[in-house]
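To convert, note that position 428 of the sequence shown is 460 in the numbering used here; the numbers rise steadily by one, no gaps. Just so it is clear, CB atoms sit at the ideal spot from N, CA and C, and this is done for glycine as well. Only one structure is covered here, and it is reproduced in the block below.
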Amino acid sequence: MQEFGENIQQAHDEKLGRHLVASIGIEPGDTILEERPLLVAPHWECHQLKCAQCLQESYVICRRCQVFPLCMDCNQHDEFECEFFTSGAGKALCKDILVKNFGICGLLKLLLLLENPSTKADCQMLIDVPINLSDYRDGEGMWQEHEELVVRPLMESGLADVLPTQGLTSDALHAHCIRIDSNSFEVTAKDGDTLKGVFVWGATLPHHCVPNTVVALDEQFNMKLYAAVPLQPGDIIYNSYTNPLMGTSQRQHQLRLSRRLECTCSRCLDPTEMGTHMSSLKCKECGGFSVCEIDSNGKLGDWRCPDCRALLTAAEVHELQAEVGSALVDAMGDLQVYEALLTQYGPLLHPNHFMLLDIKQNIASILRAAALMNSMDQPCKKLLARRVELCSDLLPVCRAVVPGISKLYAIGLFEYLLALVELVELQFAESDLSKKEYVAHLRTASLVATEAMDLLRFEPENSAEGYLADRISMELERIESDLKKYGR
33 MQEFGENIQQ AHDEKLGRHL VASIGIEPGD TILEERPLLV APHWECHQLK CAQCLQESYV
93 ICRRCQVFPL CMDCNQHDEF ECEFFTSGAG KALCKDILVK NFGICGLLKL LLLLENPSTK
153 ADCQMLIDVP INLSDYRDGE GMWQEHEELV VRPLMESGLA DVLPTQGLTS DALHAHCIRI
213 DSNSFEVTAK DGDTLKGVFV WGATLPHHCV PNTVVALDEQ FNMKLYAAVP LQPGDIIYNS
273 YTNPLMGTSQ RQHQLRLSRR LECTCSRCLD PTEMGTHMSS LKCKECGGFS VCEIDSNGKL
333 GDWRCPDCRA LLTAAEVHEL QAEVGSALVD AMGDLQVYEA LLTQYGPLLH PNHFMLLDIK
393 QNIASILRAA ALMNSMDQPC KKLLARRVEL CSDLLPVCRA VVPGISKLYA IGLFEYLLAL
453 VELVELQFAE SDLSKKEYVA HLRTASLVAT EAMDLLRFEP ENSAEGYLAD RISMELERIE
513 SDLKKYGR
């Protein structure tokens, strides 16, 4: 299931539990762990049948077991799964168990892995993780989702009766659902749909909001974990399970929900969030910026200006953030509304505040989509310049929150590259730029493309990031061609 590099060793302590540490010095890009997923399955709320073999959309059912979906390109799936419903213990169960309740697919696959003598041992590390169900009951809808979409349909199907050795109760199934959620990475099928990939090692490494590793996933959902920064012997191998473009309060909220974790990493304890001020607000008294007061245990308090000591209560800040969040939902992809939100809330928040960054990302995405769909028959230089400006605003934050080798920063560079090249080509074509100015911009674009490709050089070729690297390479060739044509 997994292969550890010779550069790491397993460790255990009371705080972190099982984890990995560097046994020797590790350079950025060095592979630390390679792992195949224990299982890959749709999200609980998925109702569209997915092929049991390739996980693309399916509209037919396996002719042998008459239970698992298959696509037109696949004529078989896992032998044990198929045999279980064909002539094994599950042959008497209703054949439309998945057709009626496809949300159970992930848990069904796990139960069959546990039933299969040849794969049961692969699940042991996952099953050994203790789950305190009292932490999850009535928690933010997760328990209810599991109950309605997975646990109740499975119990009503009679599956528990044909798997007597597993002692399946409603609580046992809830615990399995939580294990799947807590040990999953989002992976992408070939048709673009997102799925859950369960990794018994890669998804259980200790969390840090500034990880020292990069997770790479290829088209077969195989994981490669490699170093993002130089590691010294004894350094703990960290992963991240949150969006780095969230503010501290939002990241911590997500970690409490998904992993029952109170994070006290260096970023969570830093009121400025590594100098980005992604959670800072404009001080109403002196015009400086108020930062969140954080105690040594990571508990967030009120916001205070370090210059004039003026106070903003946590309640006031949360009310403002809730107001902005509601406005973002109501914006419904309207470009003018997003721009109005920037004008309205920009004076109240730090320019790098995570909510302003969210608004800027939405505007940039709308402008890019318009260009891709050719909805601007005559591209407006003003809108293109706006896109360049927005992408430029995001880059320093992306660079700061994920140091070292960073896919986030590479993607940000790519978006900036596309916007910049499109703008300067139009400006040059309309004689707004001299040849000398155009060449200067192309040199900048060449440097940006080279840096982005360098950050993606350790990604598998058959991964989304690998294909992105190819796309950037093509763009770089085009830039270099124009540089050669117009002179360096």
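Asked                                                                                                          : Found
Cysteine 340 beta carbon less than 7 Å from that of cysteine 324                                               : no
DSSP-derived helix/strand/coil call for serine 322                                                             : strand
The beta strand (DSSP E) enclosing aspartate 425, as first and last residue numbers                            : Segment 413–433 is the alpha helix (DSSP H) holding aspartate 425; no beta strand (DSSP E) there.
contact_flag[the segment 228–248, the segment 65–84] where n(CB pairs < 8 Å) is 3 or more                      : yes
Top-ranked residue by Cα proximity to glycine 224, from Cys86, Cys97 and Asp334                                : Cys86
Inter-residue CB distance, cysteine 126 and serine 189 (contact presumed, cutoff 8 Å)                          : 7 Å
Lysine 516 - DSSP class collapsed to helix/strand/coil                                                         : helix
Cβ-based neighbour list, valine 246, same chain, cut-off 6 Å, excluding 5 preceding and 5 following            : Tyr258, Ala260 and Ile437
Length at least 4, wholly inside the segment 129–192: the alpha helix (DSSP H) runs in chain order             : 129–132, 137–147, 152–159, 174–178 and 184–189
Sequence-distant residues of its chain with Cβ nearer than 6 Å to alanine 359 (five each side left out)        : Leu373
Length-filtered (4 minimum) alpha helix (DSSP H) runs lying within the segment 228–252                         : none
Residues near methionine 157 by beta carbon distance below 6 Å, same chain, minus five either side             : Val232
Residue interval of the alpha helix (DSSP H) (run including glutamate 469)                                     : 467–487
Secondary structure of serine 505, DSSP reduced to three states                                                : helix
Which listed residue (Ser298, Glu66 and Gly37) has its alpha carbon closest to that of valine 53               : Gly37
Euclidean distance between Cα positions of serine 505 and methionine 485                                       : 7 Å
Whether leucine 416 touches glutamate 454 by CB criterion (7 Å)                                                : yes
Residues near histidine 382 in its chain [Cβ-Cβ closer than 6 Å; skip 5 each side]                             : His309, Ser312 and Phe321
Identity of the residues DSSP links to methionine 255 by a beta bridge                                         : Glu67 and Leu249
Spatial distance of alanine 432 from proline 60 (CA atoms)                                                     : 17 Å
Reference aspartate 302, options Arg292, Tyr273 and Gly333, closest by Cα                                      : Gly333
Bridge partners - asparagine 271, DSSP secondary structure assignment                                          : His239
Strand pairing of leucine 352, partner residues [DSSP]                                                         : DSSP lists no partner for leucine 352.
Residue interval of the beta strand (DSSP E) (run including leucine 52)                                        : 49–54
Under the three-state DSSP convention, the category phenylalanine 217 falls into                               : strand
Alpha-carbon spacing of tyrosine 134 relative to glutamate 113, whole angstroms                                : Here the sequence assigns phenylalanine to residue 134, which means tyrosine is not the residue at that position. Using only the alpha carbons, I get a separation of about 15 Å.
Those runs of the beta strand (DSSP E) which lie wholly inside the segment 65–125 and span at least 3 residues : 71–73
Alpha-carbon to alpha-carbon, alanine 402 and methionine 408                                                   : The predicted model places methionine 408 with a pLDDT of 48, which falls under 50 and marks its position as unreliable, so this point remains unresolved.
CA-to-CA distance, leucine 449 to tyrosine 470, given in whole angstroms                                       : 14 Å
Alpha carbon of glutamate 294 to alpha carbon of leucine 287, nearest angstrom                                 : 7 Å
Whether leucine 205 touches valine 183 by CB criterion (7 Å)                                                   : yes
Proximity to arginine 510 [Cα-Cα], best of Arg96, Thr482 and Leu65                                             : Thr482
With 16 other Cβ atoms within 10 Å as the buried cut-off, status of proline 101                                : buried
Coil, strand or helix - serine 407 by DSSP                                                                     : At serine 407 the pLDDT is 49, less than 50, meaning the model places this residue with poor confidence; the figure from the coordinates comes in the next sentence. Correct three-state label for serine 407: coil.
Identity of the residues DSSP links to alanine 43 by a beta bridge                                             : His51
CA-to-CA distance, aspartate 160 to arginine 336, given in whole angstroms                                     : 45 Å
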